[in-house]
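What follows is a set of notes on a single structure, which appears directly below.
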Amino acid sequence: MGIYTFLEQKLQAGQTVLLDGATGTELEKRGVPMNSRAWTAEAVFSCPEVVQAVHRDYILAGAEVITVNSFSLAKHMLLFAGLSGQFRQLNEAAVRLAIEARAQAATTPVAIAGSIAPTTFCLEPAKGYLQRAEAFAGYAEQAEILCQAGVDLLIIEMISDIEQGSLAVQAACGTGLPVWLGFSCRRTAAGRLMLWDRGHTLSEGVDAIGKIGGSAAFIMHTDVVDATLAFAELKKAWSGTLGIYAHSGVFVMPNWQFNDVISPEEYALEAGVWLEMGAQIIGGCCGIGPAHIGELKKRCGF
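Here's what the structure looks like:
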């Protein structure tokens, strides 16, 4: 039985799956230097032992899915940071570290998810993106590299707008691997909760991108205080498997601000609400670490 098949059978039986927490902010918390234009991109070369330790700690905490440190390894991010010549090597190394961590720590099935992020760290996001054809080619190449390197599924993380999200999802679905869709929301100045680009509602994004493909849909990289409302909207728009992994804290490039990050106990209480609402896959995003995942394992019946 393949590892993803094991997860799929659990989900089809109505059981829950525990995802890991943040990779990038956990690396930062452990002292790994952040790149001012590509965040954790260089960590797989500069601090491989720390990347591997983060994956191991999530597995030991109970995670059934760990996420490759490839969020900031999209071609457009590396290009902006002057690292595009290492695109393949960085993505392959990131997968290898996750696979090695699984071999060292897992005693039960653990799936490895390759992260692809159709977002940018630029102050003016449009300037950080390639043209559509180039962007699609970059996403497709990254998806294929991650696939060949041995991931079990792909997660499109931080879907912030319909155009780039659609390109990334289409590229990922072309590999034949299961694809999970991670939608990110934040509030407008008027207080309305929308996709991160503030140009579309979550429902509009799910409707447009869900037609392309996807095995599950998530609210992710959305503040804990907004996550429940966003999840309720996602539930109305998506009829398949639902998941959620929220963040806590604030990002001021290139560093995450850990002020007032939610405690593991408080996060587990929030997760209990999400489970009651129908979430089957729960983990954590920025600011959420192994202690939070361990608390979810203990309190939420995973």
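Take our numbering: the last position of the sequence shown gets the number 1458, and nothing is skipped along the way. In this text, a Cβ means the ideal position worked out from N, Cα and C, and glycines have one as well.
- For Q1287, there is no enclosing alpha helix (DSSP H), as DSSP marks it with neither H nor E.
- In the structure shown, G1218 falls within a coil segment according to DSSP collapsed to helix, strand and coil.
- Closest option to R1244, judged by alpha-carbon separation, among A1261, M1190, A1269 and S1226: S1226.
- Looking from the CA of L1183, the closest CA among M1314, G1158 and R1212 belongs to R1212.
- Here the alpha carbons of P1274 and A1194 stand approximately 13 Å from one another.
- Following the DSSP letters along the chain, one finds H1403 inside the beta strand (DSSP E) bounded by residues T1397 to H1403.
- In this structure V1408 is exposed. Its beta-carbon is surrounded by fewer than 16 other beta-carbon atoms within 10 angstroms.
- DSSP places R1244 inside the alpha helix (DSSP H), whose first and last residues are F1243 to A1261.
- The alpha helix (DSSP H) runs of length 4 or more contained entirely in the stretch 1324-1385 are, from start to end of the chain, 1358-1366.
- A contact is defined here as three or more CB-CB pairs under 8 Å, and the stretch 1229-1237 fails this definition with respect to the stretch 1438-1455.
- Residue pairing of T1223 in beta bridges, as defined by DSSP: A1269.
- In the DSSP assignment, L1163 falls within the unbroken alpha helix (DSSP H) covering I1159 to Q1168.
- Under the 10 Å beta carbon count, E1198 is surrounded by 16 or more other beta carbons and is classified as buried.
- Where W1412 is concerned, the enclosing beta strand (DSSP E) starts and stops at N1411 to Q1413.
- Proximity to G1338 across F1387, A1299 and L1302 peaks at F1387, based on C-alpha coordinates.
- By the criterion of a C-beta distance shorter than 6 Å, Q1326 is surrounded in its chain by I1368, once the five residues flanking it on both sides are discounted.
- For I1449, the uninterrupted alpha helix (DSSP H) segment begins and ends at P1446 to R1455.
- Ranked by how close their Cα comes to the Cα of L1253, the residues T1179, V1200 and C1456 have V1200 in first place.
- One Cα belongs to T1179, the other to C1442, and the distance between them is close to 8 Å.
- Annotation: the continuous beta strand (DSSP E) that includes E1313 extends over L1309 to I1315.
- Excluding residues up to 5 positions away in sequence, A1305 lie with their Cβ nearer than 6 Å to the Cβ of E1248 in the same chain.
- When secondary structure is reduced to three states using DSSP, V1173 falls in the strand class.
- Secondary structure at F1458: coil, using DSSP grouped into helix, strand and coil.
- The beta carbon of V1266 is closer than 8 Å to those of I1159, I1215, A1219, E1220, V1221, I1222 and R1258 in its chain, skipping five residues each way along the sequence.
- Secondary-structure assignment with DSSP links V1408 through a beta bridge to N1411.
- In this structure S1419 is exposed. Its beta-carbon is surrounded by fewer than 16 other beta-carbon atoms within 10 angstroms.
- If you look at V1200, you'll find it in the alpha helix (DSSP H) that goes A1199 to S1202.
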